[in-house]
Amino acid sequence: MNGLDKVVPDPAEAVADIGDHASLAVGGFGLSGNPMVLIEALLAQGASGLSVVSNNCGVDDWGLGLLLGAGRLAKMTSSYVGENKEFERQFLSGELEVELTPQGTLAEKLRAGGSGIAAFFTQTGVGTQVAEGGLPRRYHPDGTVAVASPVKETRTFDGAEYVLEDAIRTDFALVHALRGDRTGNLVFNKSARNFNPLAAMAGRVCIAQVEELVEPGELDPDQVHLPGVFVHRVVEVGTDIEKRIERRTTRMEV
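Mind the numbering: the sequence shown is residues 5 to 258 in the numbering used here, read in order.
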């Protein structure tokens with residue numbers, strides 16, 4: 005293969021150079037589209053003190069919850085944290101720093117980072133602690149606030165107030181895709197598309213696990229969701245990987 009071949013032989017090699025205290029953008033929404041094989045490989049690899057940007061932190065025994073439960077995370081930047089009891093415990097005890105971010109703002113921070121945009125103005129959060137500061141990010145063990153969110157710059161455009169949000173760039177990105185070719189072009193499946201393309205864009209080194217690996221030219225260019233320019237490593241994980249459902253809701257048949 006030529007120099008554009010980004011395929012690595014296994015997940016362990018794909019995450020081998022993620023060091024202690026690295027920052028990561030991780031795809032997924034709830035348990036949909038989590039790059040579980042890469043998360044498990046990183047768990048086995050042993051890196052700690054990680055700062056992770058992801059929509060949520062999984063649940064106690066799945067998704068990023070695996071790294072959290074092993075004490076590998078130092079900070080989470082998320083928009084939703086409601087399904088993980090260990091997350092709550094670590095945050096309230098002062099073991100974990102948490103930067104809560106409105107979901108749409110988080111998505112745009114990742115996209116902007118990958119697009120070379122340093123910051124942007126948005127109306128989301130104006131008039132709240134998102135803009136005015138004071139949101140607890142880390143507690144002392146005694147329950148007092150150790151680190152609080154800062155005051156952010158605001159500006160008026162056309163009579164409306166906006167708050168300035170910094171873009172996000174991370175050392176690495178971990179994402180899951182349905183299909184990818186050797187040059188890194190990716191196709192995502194339905195709701196698993198969620199934060200995966202945005203996380204991929206934000207990582208200086210993007211590692212993609214794909215269920216199916218195809219040769220260059222086999223993907224219809226009009227169907228590619230993320231071009232290979234954003235992807236640096238591709239590892240095939242197969243189609244029989246476990247995919248959990250976060251909440252199964254049923255009703256009685258009438």
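Heads up, the beta-carbon is just placed ideally off N, CA and C, and yes, glycines get one too. Nothing here was measured: the structure is a model prediction, and the numbers come from that model.
Item	Value
For residue 111, the first and last residue of its enclosing alpha helix (DSSP H)	107-118
Sequence ranges, beta strand (DSSP E) only - wholly within the region 29-94, length at least 3	54-57 and 77-82
Selected residue, minimal CA-CA separation from residue 105, among 78, 255 and 140	140
Backbone CA spacing between residue 193 and residue 181 [nearest angstrom]	7 angstroms
One or two residues paired with residue 126 in a DSSP bridge	167
Closest residue to residue 36 among 223, 167, 168 and 58 (Cα-Cα distance)	58
Counted within 10 angstroms of its Cβ, other Cβ atoms place residue 245 as buried (16 or more) or exposed	exposed
Sub-8 angstroms separation of residue 33 and residue 153 beta-carbons	no
Residue 226 - DSSP class collapsed to helix/strand/coil	helix
Ordered list of alpha helix (DSSP H) runs contained in the region 165-226, each at least 4 residues	200-206
Residues bridged to residue 102 (per DSSP)	80
Per-residue burial, residue 113 [other beta carbons within 10 Å of its own, 16 or more giving buried]	buried
Same chain, Cβ closer than 6 angstroms to residue 111, neighbours up to 5 away in sequence not counted	202
Three-state secondary structure (DSSP) of residue 150	strand
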